[in-house]
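Chains as they are written, first to last, in full-length UniProt numbering: chain L, 1 to 634; chain A, 1 to 634. Backbone N, C-alpha and C fix where the C-beta goes; we use that ideal spot for every residue, glycine too. See below for the structure under consideration.
Number of protein chains: 2
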Amino acid sequence: QNDEDTFKILIATDIHLGYLEKDAIRGNDTFVTFDEIMKQAVQNEVDFVLLGGDLFHDNKPSRKTMHCCMEVMRKYCMGDRPIIFEILSDQAVNFSHSKFPWVNYLDSNLNISIPVFSVHGNHDDPTGADGLCAIDLLSCAGLINHFGRSRSVEKLEISPVLLQKGNTRIALYGIGSIPDERLYRMFINNQVTMLRPREDEDGWFNLFVIHQNRSKHGATNYIPEQFLDDFLDLVVWGHEHECKIAPVRNEQQLFYVTQPGSSVITSLSPGEAVKKHIGLLRVKGKKMNLQKIPLQTIRQFFIQDVTLSEHPDLFSPEQPNVMLKVMDFCQEKVEEMLEEAERQRLGNSLTPEKPLIRLRVDYSGGFEVFNTMRFSQKFVDRVANPKDILHFIRHREAKDNIKEEGMDFEAILSHPTSEVLQLRVEDLVKEYFQKAEKNVQLSLLTEQGMGKAVQEFVDKEEKDAIEELIKYQLEKTQRYLRERRVEATEEKIDEEIRQFRDSKRNTAEEDEEVQEAIIRAKAHRDRSDSVRDDDLNLSDEPADIAVESDEASTSAPTIRGRGRGSRGTSRRGREDSDSDENVAFLKCSKPKQKLTSLSASKRGSQSQSQSFKGVCFDDEDEFDPFKGSRPQRR
Amino acid sequence: QNDEDTFKILIATDIHLGYLEKDAIRGNDTFVTFDEIMKQAVQNEVDFVLLGGDLFHDNKPSRKTMHCCMEVMRKYCMGDRPIIFEILSDQAVNFSHSKFPWVNYLDSNLNISIPVFSVHGNHDDPTGADGLCAIDLLSCAGLINHFGRSRSVEKLEISPVLLQKGNTRIALYGIGSIPDERLYRMFINNQVTMLRPREDEDGWFNLFVIHQNRSKHGATNYIPEQFLDDFLDLVVWGHEHECKIAPVRNEQQLFYVTQPGSSVITSLSPGEAVKKHIGLLRVKGKKMNLQKIPLQTIRQFFIQDVTLSEHPDLFSPEQPNVMLKVMDFCQEKVEEMLEEAERQRLGNSLTPEKPLIRLRVDYSGGFEVFNTMRFSQKFVDRVANPKDILHFIRHREAKDNIKEEGMDFEAILSHPTSEVLQLRVEDLVKEYFQKAEKNVQLSLLTEQGMGKAVQEFVDKEEKDAIEELIKYQLEKTQRYLRERRVEATEEKIDEEIRQFRDSKRNTAEEDEEVQEAIIRAKAHRDRSDSVRDDDLNLSDEPADIAVESDEASTSAPTIRGRGRGSRGTSRRGREDSDSDENVAFLKCSKPKQKLTSLSASKRGSQSQSQSFKGVCFDDEDEFDPFKGSRPQRR
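Below is the structure:
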C-alpha cells in the first residue's frame, strides 16, 4: 500500500492564518486547524505537504500569526524521519527568487522531516520593491519551499520541480496567484509555457497547482480549465473556498481537477457550509488515488433561507404585532439549527463549541425588518457570530431569476458594499484634486493614478504604493518632455505637462498606463480585483439551503488514473532510484543533482490536444490500490 | 591564547536593523553592518554572540528587514563548526516565554554554529496581548536565544544562563528594556533579585546585559550603576549610542562597564561621531580581556560647530551681502569636512562613499538664516544627508551655560519638536472630546487615557491600544458601579459615571490609573518616554566638535580582571567538562542538564557591598593573556 514507489502527499489550501484573529470566539480557529492539518501530515507519514496558496489571510500577517505559523511548522516539519524522495530538477531555477535557492530538506543545517511546498495566493502575494511575500519569511527561515514564482508580468515559463520516489516521478508545476485578467491575457497571447522533461516525457505524473478564480466572474476574470495544458494529470485548484476535493475529470482536457477548498469559513455563504476536507494524494507511476480527510476542528456552520411571504398561514404584513411573530419564527429557525449543530457535534471533542449560524430572511411583500441587536442578544452565548445571524434581503424576484441562471444572490448583495467603499476612497482623491491647484504641485498625477495608489495603500497596507506611483509618473513625464525637447522655462513646462496629462484623462490609455505604472513601479500588482473576488469566491453555487449532510465524506472516492504513458515508468531501472542513495542524499547541502533537461510545451490548439489525447489515453489503466482503506480517522 | 578554557564572545548592541530603510543612500547601511558584525563573529571563531538590545529599529520591522535579518543569521550562525560550551542552568526557566524553551544549539533539528543571545531593547520590545517582540520571531525560527524576559511589571527575578567552557564558568544575566522609571522604582523598592548559583558561588564570571538610559535624563529616568549588584564582573550596557566600549571600572561597585554603542548613526549629534566598534570579549576563569574591533562599513560622520559672531574679521551682520558671505563660509567648512572624509576613506573599500555631514551654525548676534535648500543642492551628490547638513541655532548664552553643566544643547533643541508632535496628537483628542457629547457615548473615557492610547497607536502601530484602554476603563467603571450598588436606571448610571470620572480628572491618581491601564490591559507598557529617550540618547556629552581622531582605536586596552574568587574555578575537575562530552551534548534536544541550583542575591545596602568587596577583591589576580595581539584586522 505505502510502498517505496508511492508518493504520499497531503494537499490543502486557503488556510488563511490570522483570519479574524482579534475575534474573542473565532480568533484561534485558523491556528487550531493549521495544527490539525500538519498533525495529519505527520500521522499519515506523507512525503510532503502541498499547499495551494493563501496560507496567510493578510498580506502583512501580524506578529502573532507569523509566530503561530512558524511554531506549528517547526513542531511538525522538523525531525529525524528520513525523506525518501529525490529532487531531479535544477533547484536554483525552481527557487531562483530565494536567498537559499534549494529545497529545505537538502540543507545540511536543517533537519526537515516533512517538506512543505507552496505557491502564494492572492492574500499573501509578493508586494513592495523587493517583491517579498509573507511565505518568503518562512522560506528564509527554512520552513517552506516557495515555488511557482515569476518575475515577469508579461509571460510565464513554468519550470517544474521534478521529484522521484522509487520508480515514480512527479513533475510539480505551480503558478502563484496573478490577477485573473492578466493571466487570462497571457494564456490568450500564448505567453504561458510549461517546460517538460526531455527524458521519458510521458513517464511523469504531472501535478499542477493554481490559485485563481475557477468560476466565471466576468469575461476574463477567471481561468477556464481549457486553458491549461492537456499533458497535466491532476490540477490542485486553490482560491475557491468550497470544498470540492473529489477530483473531477475535465472531459476535454482529460485531466482531473481537485478543489480542496479553504480550511476556515471566511464568509457566511452556502459554499462555506460544505464539509471541509484536506486530501491525502497517493501517486504511483501515472496512477493516483485521493483520499478525503475530514477536518475535525472546523467550526460548524449552518445556513438557512426563509421567505416570509411563503408563510401566509403564520403571518401577513397587515397583522398587528407581526414583527414579534416574525421574530419568534426566526428564533425558532435558529433554535432548530442550534439543535442540529449540537446533535452533530456530539462525540467530536475537537469541534469548537459555538457554531456559525446564518438565517437569510426574505422580507419582500410588505414586511418590515426588526432590530437585529435584540435578536442577537438571545444567542450571544451560543453562537460564534451573534452579531450577524440574520441577513434581511428583499429581492425575491431577482433572486429567483438568478437562481435559475445558477448565480448567487449573496454575491450580488455583497457587491455594492465593496463598490461603495471603493467609490468613497476615489471620491476623497477627487475632492483632493479639485481643491489642489492643479497646475502647481500635482500636475504630474492623474486622479485615477492617485486613486489606484491610495486603494493599494488601503487594501494592502502597501506604504510605498503612492510614492512609487509618483516616481513612475515623474519619470514618464520627464521622458515625454525630453522627447519633445521642451524649452526649460517653467511656463512652457507647465503647459506641456498639462497637455500631456489632459490628452490622457479618462481614456483607455490612461487606464492602461496607470495599471502598468502600479505593476511596474512595484514590479508587482494591485490586488483590488482579487480582494473583491474573495467575497464572490463561493458564489457559483445555487443559493440553496446547504445544511451539512455529507455523511459519506469519509468514503474515499475511487479516482480513475488516466494512465497515459504509465507503462513508461518501468523503463527506469532500480539502480538510479535506490532508496538508500536517497537517504544519503538528504544531508548534502550542495546536492549532487541528476538534472533532467527540459523542453518547452506551449499550450497547443484544441484540436491538437484532442488528437494527442486520442493517441495516448488508455482507459484500461485504471488503478486504485487503496480503495476503501481509510486508517486516518482517530 | 584561544585555549579550551577561554570563552570568546562577540559583543555588539543597538544594530537598529531597518533604520532609514527607505532612504535611497542610507537604506542598506544597517543590513551591511549587521552582515559585517556576524562575519566578524565567524572569522573570530567566537563561542557566541551577545547582543544588548535594539537589534531592530522598529517595533514592527518591515518584511524586508525581517527577511534580511533572518538571511544574515541563517548564513552565519548555522553550520558544522562544533560548539564547545555547555549550558548548566534550567533552560526552561531561562527561556520560559519561548515556545521552544531551550537554547537553539541544543535543538537536534538545527545545526547552529554560533548561538546568538540577546535581550530586547526599547525599540524592539514586547507589545500586544501575546507579549511578543520582533526577536521572538527569530527565536521561534531557531535563530536567536532571547533571554532576560520578565512578565511581571512589579518585580524582577533574574535567573542567569549558566555556561561552562573547560574550567571557565559564566553566569549570564540580562534585563530586557523596561521603562527607566519603572525599573528605577523596582530597584528602589528592592524588587530586583539576581539569583546566584549555590555551587561555588564565587567561581563564576558574572556578566550582565542591560538596555537602559545610563546617563541621567531626569531624576528617575535612568539606572545608576550603583543600583546594580556588586558581585557582577562586567556590565554590557546597551541603549546608549556612543561607543565607549573600553570597560570602565566603577570604583564603588568594583565592576566594569562596557558600552559598545550603536552600529549605525541614528542622530547627527557628537556622540554618534565617535568611531564605532564591536568587542571581542575573552573570559578565562574570572579574568577577562576586551578587544575592540573597529567596524569598517560605518558611514563616516563629521560634525562641526561655527559661531558667526566669533568671526568679526570675516563679516558683521550690518555688512551688505553678508548672507552670501556666510554661505560661502559654511560651504568652505563643509568642503573641509568632505576633504577630510575623503582622505580618511582612502584605502578602505568597505566604507560607504558619501559621508554624513553636520555643520551647526550659531547665528546669534544679529545674523539671519539663509535658505538651506539651495545650499543642500551643492552637496546633493557628495553627502549622504544633503537635506539637513546645516543646523541653525541661536542660543549662544544658553548653550555656554549648558556646556558647563555637561548637558547637551542638541537635546534641548530636539526636545520641543517631539513635544510639539505629542501635543498635536493630544490636541486632536481633546478637540474630539469637546465635540462629542460627553455624557452620552464617551462617558467612560478620560481625555488623558484616550490621548495615551492614541499616542501608543501612533508610536508603535499598536492597533489594540485604543480598544484595550476602552475595555479596561469599561471594566473599572463597571466594578465601581457594582461596588456602589447603583440603581440600574440610565440617568443614575450616567450621573455616577460622571462623578466617578470628574473626581479623577487631572489628578495624579488619573495619571497613575491611565498608566496602569495601559500597562495592564496590554500586559505591557507604553514607550512614549523611551521613544523620546532615543533622541536624547547621546546627549550627555559636551557639544564639542567631535571630529573622529581615534586612531588608537585598534589597540586593545588591557583590562584588569578583578579575579575575586577566581582560584575557585580550579575546583572543578576535568572529568565533568570534557570537551568530547560537550560535542556529543550538542545534538541532544532534551539535554541531560547538570542543573546548578540558584540562590537569591538581593541588592544589599552600600555598606554591605563595601565590606564584601573588602574581603573578596584581590588585586593581584590581574590577567591579560592576549595583550597586544590583534589578528582580526583585514
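Please identify the residue among the options whose C-alpha is closest to the C-alpha of residue i.
i      : options                        : result
A/D35  : A/I135, A/E71, A/D229, A/A219  : A/E71
L/W237 : L/E181, L/I175, L/G347         : L/I175
A/Y256 : A/N221, A/G53, A/L228, A/V116  : A/L228
A/R345 : A/Q296, A/R360, A/L156         : A/Q296
L/I389 : L/T13, L/L338, L/S118, L/Y173  : L/L338
L/N221 : L/R185, L/E242, L/N94, L/Q252  : L/R185
A/A141 : L/N111, L/S159, L/P126, L/F117 : L/N111
L/F147 : L/A92, L/G166, L/I114, L/P179  : L/A92
A/R151 : A/S267, A/I178, A/N145         : A/I178
L/P320 : L/F367, L/D3, L/E199           : L/F367
L/L156 : L/K165, L/T168, L/Y173         : L/Y173
A/I9   : A/D313, A/L281, A/D180, A/D125 : A/L281
A/G261 : A/H395, A/I293, A/V116         : A/I293
Three-state secondary structure (DSSP) at residue i?
i                      : result
L/H391                 : strand
L/F208                 : strand
L/Y222                 : coil
L/L228                 : coil
A/L324                 : helix
L/F7                   : strand
A/E437                 : Here the model assigns A/E437 a pLDDT of 42, short of 50, so the residue's position is not dependable and the matter cannot be decided.
L/F48                  : strand
L/Q259                 : strand
L/V361                 : strand
A/N94                  : helix
residue 637 of chain L : The structure shown does not extend to residue 637 of chain L, since chain L spans only 1 to 634, so no value can be given for it.
A/A141                 : coil
A/K244                 : strand
L/Q344                 : helix
L/K403                 : Legend: pLDDT at L/K403 = 41, less than 50; position of this residue unreliable, no value from coordinates given.
L/P386                 : helix
A/R282                 : strand
A/Q253                 : coil
L/D199                 : The question names Asp, yet the displayed sequence has Glu at residue 199 of chain L. L/E199: coil per DSSP, three-state reduction.
A/D136                 : helix
A/F100                 : coil
For the alpha helix (DSSP H) containing residue i, name the first residue and the last one.
i      : result
A/F31  : 29-43
A/M78  : Where A/M78 is concerned, there is no enclosing alpha helix (DSSP H), given that its DSSP letter is neither H nor E.
A/I175 : Not the alpha helix (DSSP H): A/I175 falls in the beta strand (DSSP E), residues 168-175.
A/Q377 : 372-377
Span of the beta strand (DSSP E) holding residue i?
i      : result
L/I188 : Where L/I188 is concerned, there is no enclosing beta strand (DSSP E), although the alpha helix (DSSP H) it sits in stretches over 180-188.
A/Q164 : 161-165
A/F117 : 116-118
L/I293 : 287-294
A/T307 : 301-307
L/G238 : 234-238
Less than 6 angstroms between the CB of residue i and some heavy atom of the ligand ZN, yes or no?
i      : result
A/D328 : As presented, the structure is devoid of all ligands, the ligand ZN included, so that no description of it is given.
Would you call the segment 95-111 of chain L in contact with the segment 56-67 of chain L, where contact means no fewer than 3 C-beta pairs closer than 8 angstroms?
no
Residues of the segment 142-174 of chain L whose Cβ lies closer than 8 angstroms to any Cβ of chain A, in chain order
G142, L143
For the 8 angstroms Cβ check, are there 3 or more pairs between the segment 191-201 of chain A and the segment 114-134 of chain A?
Of all C-beta pairs linking the segment 191-201 of chain A to the segment 114-134 of chain A, fewer than three are shorter than 8 angstroms, placing the two stretches out of contact.
What are the residues of the segment 103-126 of chain A that lie near chain L, defined by any Cβ-Cβ distance shorter than 9 angstroms?
D107, S108, N109, L110, N111, I112, S113
Is there contact between the segment 46-60 of chain A and the segment 12-29 of chain A, where contact requires at least three CB pairs shorter than 8 angstroms?
The segment 46-60 of chain A, when compared against the segment 12-29 of chain A, does touch it at the 8 angstroms Cβ threshold.
According to a CB-to-CB cut-off of less than 7 angstroms, which residues of the segment 79-91 of chain A neighbour chain L?
G79
Can at least three beta-carbon pairs, one atom from the segment 257-271 of chain A and one from the segment 318-336 of chain A, be found at a separation below 8 angstroms?
no
With 9 angstroms as the C-beta to C-beta threshold (strictly closer), list the residues of the segment 238-258 of chain L near chain A in chain order.
none
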